[in-house]
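Input: a single structure, listed below in structure tokens.
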Amino acid sequence: MLEIKDLHVTVANRAILKGLNLQVNPGEVHAIMGPNGAGKSTLGYTLAGREGYEAASGSVQFNGQDLLALEPQARAAEGVFLAFQYPVEIPGVNNTYFLRAALNAQRKYRGEPEIDAREFLSLVRQKLNVLHIKDDLLQRAVNEGFSGGEKKRNEIFQMAMLEPKLAILDETDSGLDIDALKRVAEGVNLLRTPERAFIVITHYQRLLDYIVPDFVHVLADGKIVQSGDKDLALKLEDEGYAWIKQRKMVEA
Amino acid sequence: MSQLLHALSGALPAPLREPLPGLPSTRTEAWRYSPLRALEAKVRAWGAQPVDAKNVSALDRSLLANALALAPHDLAAANGAVLTTTPLNPHFAAARSAFAQAAGLSRGSTHALHAPMLWICAPQLGAKLVQAQQQFSVPDGSQALLVIEQHDGGAIDSLTNLLYQIDVGASATLDVLHLQCAGAAQSVIERSEITLAADATVNYFELQCGLGWARHELSIALAGSGSCANVTALSLLSARQHADVQLSLWHQVPNTRSSTRVKAIADGRSRSVFNGKIWVAPGSDGTDAQLKTNNLLLSETAEIDAKPELEIYAEEVSCSHGATVGQLDERALFYLQSRGIAPADARKMLIYAFAAELLSRVDTVAAHPVIKQLIQNRLADQIGVGDGA
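Residue numbers (this note's numbering), protein chains in the order written: chain A, 1 to 252; chain B, 1001 to 1389.
As structure tokens, then:
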């Protein structure tokens, strides 16, 4: 589904990703862990197409397409979804209106008919039910005045509505207390299907207690330096990121 | 009265080739960003030509009459008595008072606003100079709605010069909805003087979405204790539009309040000017005056001149002001795009949200759909479609 080869990304004249390789297949959950400044968020932004996060070299194939050649809105319509670490507040834009506009824009791109207001509302109800989200969230402006937990849950709700093929969760656990974390993780687990893949970017192992990954990768200094299964996350939890630095020094 | 109006209402009709006496230059602070040279030249070039004067039957063109369910009889008085589009004297320096007299309006006549009233000003085809002044009063303890609409007068150049004087009685509330939708060929100069008695409130909403040259001097005297002014203004500018709002809030006695929110969105080669002055008289303790102007600059060739001004001569007051000029939030644009929304639509969504946020200050909810539609219409064809729009 997703194949990243030797990806180099420069942000504001600083090399952040320095030859990253990653392959993700349908249904898989990949956790990307690493110390601050390793390039975790850069990976998410690069895949979603944020301006200023352009690849200097390397390639990203997504279902046979050159993902990097697509505009951000086209990537979304092709099935890439980024759950933001810091969801943006957009005062004045109603959450429901925004979601319907997004959904219809994606459908239009894919040559599908637009969804009418009634169909949309019943889809909303259905997803809210599944995720146990209160519908007062829908009446408010996008993320405006939302608590940290509400913002993250709104990201998961958007994901549920847009039904992406690949979801990238950028530090979805940051700023959440344990109850909020559990609820967000529960939402993600409900959206796991044999077709949908996840890249879960996190600094802490804690989130992976609730979203159990198939693979864990350690990102340090712009590269994946170690890959393994969920036990690798536990090792990181015990030993911190220092041993990676030590290991790198030994290698050097 | 502004210097310009003073000049316009001067008693001596000057020959058109002579300089217009008393017109302010850009050396005058209040006119610094709104030069009158081009307007003056234009008006002078019109020359003396007879114009077939008719009353405007503008009711069927009203933007708000339906939405607000204004019954025809509410409008009749305003329609017949107020709409005076006849340029009796083609000279720019025609005395407005003489003009008003000829049009059947004596300067002293006052409309008591018992019911909602609609005042529509649209230059009739061929009318170049439209001058009118009107006095309104809101009786003590009553509630009134005044709707002012300026419509597109077509392709012919015109100058509309209006003066409103409004007295709001004790414990009365006046809502004003002012839609300035004049056409590209029109210039509009307005002055509104509002005086508030004790415990009176005015809620003034103004939308400037016309395409020509517009200036509005809004002067509110908070003359009675407990009086309150809420002013909300939104300018949607594109092309070569020029819109100037000069607001003065005169806190003349203790314990008065004012709250002002002004927004401008400037695209193309347009220019928005705002001056918001809060003046607090000596001894007017307990004054609460808050003024905020937030502006969105959408092209490199547009200009926004926003200036809040505080002049305070009392001790115990709570006054604040703030001004921002910015561009669309790139993070928000990317957020919308990352959800599948194309950049042009994302821009429109953000611009619309920026503008429509002010509607929360308009209590006349029935007017919201009309105002929203006017904003949408401007976004659809002129604003936010890229530089040089």
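Where a beta carbon is used, it is the ideal one built from N, C-alpha and C, also for glycine.
Proximity test, Cβ basis, 8 angstroms: residue i and chain A
i: residue 1137 of chain B; result: no
i: residue 1353 of chain B; result: yes
i: residue 1293 of chain B; result: no
i: residue 1288 of chain B; result: no
i: residue 1098 of chain B; result: The pLDDT assigned to residue 1098 of chain B is 37, lower than 50, so where the model puts this residue is not dependable; a value taken from the coordinates is nonetheless given after this. So no, residue 1098 of chain B is outside the interface.
i: residue 1233 of chain B; result: no
i: residue 1264 of chain B; result: no
i: residue 1357 of chain B; result: yes
i: residue 1345 of chain B; result: yes
i: residue 1372 of chain B; result: no
i: residue 1050 of chain B; result: Any reading at residue 1050 of chain B must be qualified, since the residue scores a pLDDT of 36, below 50, and its modelled position is unreliable; no value is offered.
Assigned exposure category for residue i - 16 Cβ within 10 Å defines buried
i: residue 125 of chain A; result: exposed
i: residue 1327 of chain B; result: exposed
i: residue 178 of chain A; result: exposed
i: residue 151 of chain A; result: buried
i: residue 1033 of chain B; result: buried
i: residue 1279 of chain B; result: buried
i: residue 12 of chain A; result: exposed
i: residue 223 of chain A; result: buried
i: residue 1092 of chain B; result: At residue 1092 of chain B the pLDDT is 28, less than 50, meaning the model places this residue with poor confidence; the figure from the coordinates comes in the next sentence. So residue 1092 of chain B ends up on the buried side.
i: residue 242 of chain A; result: exposed
i: residue 118 of chain A; result: exposed
i: residue 64 of chain A; result: exposed
i: residue 77 of chain A; result: buried
i: residue 1028 of chain B; result: exposed
i: residue 1373 of chain B; result: exposed
i: residue 139 of chain A; result: exposed
i: residue 28 of chain A; result: buried
Cut-off 7 angstroms between Cβ atoms - residues of its own chain near residue i, not counting five sequence neighbours on either side
i: residue 55 of chain A; result: 7, 8, 9, 46 and 68
i: residue 44 of chain A; result: 82, 168, 170 and 201
i: residue 1042 of chain B; result: 1157
i: residue 1375 of chain B; result: 1236, 1352, 1355 and 1356
i: residue 1224 of chain B; result: 1170, 1196, 1197, 1198, 1199, 1200 and 1253
CB of residue i within 8 angstroms of CB of residue j, strictly
i: residue 21 of chain A; j: residue 4 of chain A; result: yes
i: residue 62 of chain A; j: residue 1 of chain A; result: yes
i: residue 87 of chain A; j: residue 129 of chain A; result: no
i: residue 176 of chain A; j: residue 80 of chain A; result: no
i: residue 1310 of chain B; j: residue 1321 of chain B; result: yes
i: residue 1347 of chain B; j: residue 1302 of chain B; result: no
i: residue 184 of chain A; j: residue 206 of chain A; result: no
i: residue 95 of chain A; j: residue 137 of chain A; result: yes
i: residue 131 of chain A; j: residue 98 of chain A; result: no
i: residue 1379 of chain B; j: residue 1187 of chain B; result: no
i: residue 1207 of chain B; j: residue 1234 of chain B; result: yes
i: residue 1170 of chain B; j: residue 1142 of chain B; result: no
Contacting residues, own chain, Cβ-Cβ under 6 angstroms from residue i (five flanking each side not counted)
i: residue 1176 of chain B; result: 1146 and 1204
i: residue 49 of chain A; result: 72 and 75
i: residue 1293 of chain B; result: 1262, 1274, 1306 and 1323
i: residue 1228 of chain B; result: 1201 and 1257
i: residue 1192 of chain B; result: 1164 and 1218
i: residue 226 of chain A; result: 218
i: residue 31 of chain A; result: 200, 208, 213 and 216
i: residue 1220 of chain B; result: 1194, 1229 and 1249
i: residue 23 of chain A; result: 3
i: residue 1167 of chain B; result: 1137 and 1195
i: residue 59 of chain A; result: 5
i: residue 57 of chain A; result: 8
Close beta carbons around residue i, own chain, < 8 angstroms, minus the five adjacent residues each side
i: residue 1281 of chain B; result: 1250, 1251, 1252, 1253, 1313 and 1314
i: residue 1350 of chain B; result: 1328, 1329, 1332, 1333 and 1336
Short CB-CB distance (under 8 angstroms) between residue i and chain B
i: residue 65 of chain A; result: no
i: residue 12 of chain A; result: no
i: residue 23 of chain A; result: no
i: residue 167 of chain A; result: no
i: residue 106 of chain A; result: yes
i: residue 242 of chain A; result: no
i: residue 102 of chain A; result: yes
i: residue 162 of chain A; result: yes
i: residue 210 of chain A; result: no
i: residue 109 of chain A; result: yes
(request) Could you run through the stretch 1328 to 1342 of chain B and flag, in chain order, every residue whose CB is less than 8 angstroms away from some CB of chain A? (result) The residues in question are 1329, 1330, 1331, 1332, 1334, 1335, 1336, 1337, 1338, 1339, 1340, 1341 and 1342.
(message) Output needed in chain order: residues of the stretch 47 to 63 of chain A with a Cβ under 8 angstroms from some Cβ in chain B.
(response) 48, 49, 50 and 51
(request) Could you list the residues in the stretch 127 to 159 of chain A with a C-beta less than 7 angstroms from some C-beta on chain B, going in chain order? (result) Only 158 from the stretch 127 to 159 of chain A bring a Cβ to less than 7 angstroms from some Cβ of chain B.
(request) Could you please tell me which residues of the stretch 68 to 92 of chain A, in chain order, have their CB closer than 9 angstroms to any CB of chain B? (result) 71, 72, 73, 74, 75, 76, 77, 80, 81, 82, 84, 86, 87, 88, 89, 90, 91 and 92
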